[in-house]
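Asker: Here this note's numbering is used: the first residue of the sequence shown is 119, the next is one more, and so on.
The C-beta atom is built at its ideal place from N, Cα and C for all residues, glycine as well.
Only a predicted model underlies this, so the values are computations on that prediction, with no experimental measurement involved.
Provided herewith is a single structure, encoded as structure tokens, for subsequent inquiry.
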Amino acid sequence: MQDDITQFRSLGWDFDQTLWGHENSAQFWNYIQRNPHQQTHHIVTFRTGRLFDRLWRDLADVGSTLMPLHFNTIHGIPEAIYLAAVNGEVGGDEYFFWKGKVCREHGIECLIDDATIEVWAGCSEYDIAYCHPDMALMCN
């Protein structure tokens, strides 16, 4: 069974293994560029620092013509939240809620992301629909 992402007014897109590096990435790029359902599109990524700065270069290197103008907002996790989680520090659990919180704050109704374990808690907490990129249905 697939998840119909066309029903939402606003979509959040993970970067790694979704917009970049997924077998359906090219289909996602086309869907975002055509925008057949007049949705708003946002990038919500766990990339930070230099990797965040490489978003557009990494896309271009694999043939994507997506540009910042295709997205209403672009969010990279704050370095402090990322490092707290990676280093097992107190408060590091904020990492697991960060994407859901960002989606809520920016009116993003559905997050398309491959990292189910890392985003499910936040999507659940903030009432954000979740879709794995393997299951995204973009027709209609």
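Looking at C-beta atoms only, is the number of pairs between the stretch 182-192 and the stretch 204-216 that lie closer than 8 Å three or more?
Answerer: Because the criterion of three Cβ pairs below 8 Å is not met, the stretch 182-192 and the stretch 204-216 do not touch.
Asker: Give me the residue from MET253, GLN151, ASP132, LEU255 with the minimum Cα distance to PHE164.
Answerer: If we check each option's Cα against that of PHE164, ASP132 comes out closest.
Asker: Determine which residues share a DSSP beta bridge with TRP138 and list them.
Answerer: Paired residues: ASP134.
Asker: So PHE126 packs on CYS228, CB below 8 Å; how close in whole Å?
Answerer: So it is a contact: roughly 4 Å between Cβ atoms.
Asker: Taking the alpha-carbon of GLU236 as reference, which of ALA178, ALA254, HIS224, ILE195 has the nearest alpha-carbon?
Answerer: With distances taken between Cα atoms, GLU236 lies closest to ILE195.
Asker: Would the stretch 140-157 and the stretch 234-249 be scored as touching if the rule is three or more Cβ pairs under 8 Å?
Answerer: Counting Cβ pairs under 8 Å, fewer than three are found: no touch.
Asker: So GLY209 and GLU243 are supposed to be a Cβ contact under 8 Å. How far apart are they, rounded?
Answerer: Not confirmed; about 16 Å, so no contact.
Asker: Kindly indicate which residue of ALA233, CYS241, ALA239 has the alpha-carbon position closest to the one of HIS252.
Answerer: For the sequence presented, residue 252 should be read as Asp rather than His. The option with the nearest alpha carbon to ASP252 is ALA233.
Asker: In chain order, what residues of the same chain have a beta carbon less than 7 Å from the beta carbon of LEU255, not counting five sequence neighbours either side?
Answerer: Cβ neighbours of LEU255 beyond the five flanking positions: GLN120, ASP121, ASP122, ILE123.
Asker: Under 8 Å, do CYS221 and VAL162 count as touching if we go by C-beta distance?
Answerer: Contact flag set, yes.
Asker: Alpha carbon to alpha carbon, how far is ASP211 from HIS188? Give it in angstroms, no decimals.
Answerer: About 31 Å.
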